[in-house]
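Below you'll find the structure, written out as structure tokens, and then a few comments.
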Amino acid sequence: MAIQPMADAKPREPASSAEYNKVTANIRDLDERLRDADDRLRDADDRLTEATDTNARQDAVISDISVATNHPDHGNAALDRRVTTVETNQGERGSHGTVYAEIEALKAAPGGQDPPTVADDTTLYGDIISSRARTDCPHGETWSNGYMSASATISPKAFTATEVRFAIGTAAEGPGTFDLKVYTGPDLSSLAEHAHITGSTHVTTVGVKRVAIPELAISAGDVVAICAIVLGWTTVPKAASTLAISAAGSQAWIGEVPYSVYQGGRDRPPPATLDLHAGHWTRANQVFWFALA
Numbered sequence: 001m002a003i004q005p006m007a008d009a010k011p012r013e014p015a016s017s018a019e020y021n022k023v024t025a026n027i028r029d030l031d032e033r034l035r036d037a038d039d040r041l042r043d044a045d046d047r048l049t050e051a052t053d054t055n056a057r058q059d060a061v062i063s064d065i066s067v068a069t070n071h072p073d074h075g076n077a078a079l080d081r082r083v084t085t086v087e088t089n090q091g092e093r094g095s096h097g098t099v100y101a102e103i104e105a106l107k108a109a110p111g112g113q114d115p116p117t118v119a120d121d122t123t124l125y126g127d128i129i130s131s132r133a134r135t136d137c138p139h140g141e142t143w144s145n146g147y148m149s150a151s152a153t154i155s156p157k158a159f160t161a162t163e164v165r166f167a168i169g170t171a172a173e174g175p176g177t178f179d180l181k182v183y184t185g186p187d188l189s190s191l192a193e194h195a196h197i198t199g200s201t202h203v204t205t206v207g208v209k210r211v212a213i214p215e216l217a218i219s220a221g222d223v224v225a226i227c228a229i230v231l232g233w234t235t236v237p238k239a240a241s242t243l244a245i246s247a248a249g250s251q252a253w254i255g256e257v258p259y260s261v262y263q264g265g266r267d268r269p270p271p272a273t274l275d276l277h278a279g280h281w282t283r284a285n286q287v288f289w290f291a292l293a
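Residue numbers (the UniProt record's numbering): 1 to 293.
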């Protein structure tokens, strides 16, 4: 309610009833405003008290957190000690500490399989990978003059090779030449030369030939191959291979994928790259043995 104007009041003269009523109304209005202001003041005081209580509770929580953080058994220091213990026991990631080494060993091991009852060629001879097991290759297949013979396999493991191995069952005779290259690549169509081996003495005696090669890093799944050419021998060498199957059409299953192929009319040396899927190859009915170590 607005304050009533007192413009009609005259000093030192009796007030009229109208002026009296205005004064009374103004006093009542002021009284109501004072009561309203008092109510608002009390409400503000209540809110201040509530805020003070909230701050006190927050301070108590912060204090509890501080106490817990600094507790010798449960605080940050204790947590740091536990983390340090875990790092000590497990080793840091990437350094292959104790636990990580065990995990890598478990990943590499054949899960749930009993140890083999028969030693493999790696155990017996140190062959890391080979085109076939040695006992699968009791035959000696001819490396004919002017023929280029290639044999390939897929590595089941990752390792670094420093030696190629092949075997001669019948020694060569005469003034001939011998070339053999080692190849590797992602597939049978993309093989690149890694090492070139020459010298007639490799095929003029019988036995397993172990020839050093530059270090060759091989990944699991890589294709590895050898390719040999002999020229000028009166008696050509025979190299260890699987039994040659003379049944008609045997190449259809032995050579379904060209892991063993040959081509006539070639001169030395073997090429720098090989594509065993190329049309100039004939697929063989046996596989030559070779190994890397």
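Glycine residues also receive a C-beta, built at the ideal position from the N, C-alpha and C atoms.
With distance defined between alpha-carbon atoms, name the residue in the options nearest to residue i.
{"i": "residue 158", "options": "207, 292, 265", "result": "292"}
{"i": "residue 235", "options": "171, 222, 192", "result": "171"}
{"i": "residue 186", "options": "23, 240, 51, 154", "result": "154"}
{"i": "residue 266", "options": "150, 191, 86, 164", "result": "150"}
{"i": "residue 193", "options": "224, 84, 290", "result": "224"}
{"i": "residue 279", "options": "243, 246, 189", "result": "189"}
{"i": "residue 360", "options": "145, 63, 129", "result": "This structure cannot speak to residue 360, because the chain is shown only from 1 to 293."}
{"i": "residue 183", "options": "203, 258, 242, 274", "result": "274"}
{"i": "residue 226", "options": "201, 41, 130", "result": "130"}
{"i": "residue 284", "options": "122, 243, 85", "result": "243"}
DSSP state of residue i, grouped into three classes?
{"i": "residue 51", "result": "helix"}
{"i": "residue 125", "result": "helix"}
{"i": "residue 245", "result": "coil"}
{"i": "residue 211", "result": "strand"}
{"i": "residue 205", "result": "coil"}
{"i": "residue 63", "result": "helix"}
{"i": "residue 37", "result": "helix"}
{"i": "residue 261", "result": "strand"}
{"i": "residue 118", "result": "coil"}
{"i": "residue 283", "result": "strand"}
{"i": "residue 24", "result": "helix"}
{"i": "residue 276", "result": "coil"}
{"i": "residue 234", "result": "coil"}
{"i": "residue 240", "result": "strand"}
{"i": "residue 188", "result": "coil"}
{"i": "residue 220", "result": "coil"}
Applying the 10 Å Cβ sphere with the 16-neighbour rule, what's the burial state of residue i?
{"i": "residue 249", "result": "exposed"}
{"i": "residue 132", "result": "buried"}
{"i": "residue 167", "result": "buried"}
{"i": "residue 28", "result": "exposed"}
{"i": "residue 270", "result": "buried"}
{"i": "residue 246", "result": "exposed"}
{"i": "residue 118", "result": "exposed"}
{"i": "residue 258", "result": "buried"}
{"i": "residue 35", "result": "exposed"}
{"i": "residue 47", "result": "exposed"}
{"i": "residue 141", "result": "buried"}
Going by DSSP, what residue range makes up the alpha helix (DSSP H) through residue i?
{"i": "residue 252", "result": "251–254"}
Let's see if you can read the secondary structure: which residues bound the beta strand (DSSP E) around residue i?
{"i": "residue 180", "result": "177–185"}
{"i": "residue 198", "result": "191–198"}
{"i": "residue 292", "result": "290–292"}
{"i": "residue 225", "result": "223–231"}
Answer yes or no: the CB of residue i versus the heavy atoms of the ligand MN, is any distance below 8 Å?
{"i": "residue 125", "result": "Absence of the ligand MN from the depicted structure is noted, as is the absence of any ligand whatsoever, leaving it without description."}
Would you list, in sequence order, the uninterrupted beta strand (DSSP E) runs of no fewer than 3 residues that lie entirely inside the stretch 133–174?
-> 139–142, 148–154, 159–170
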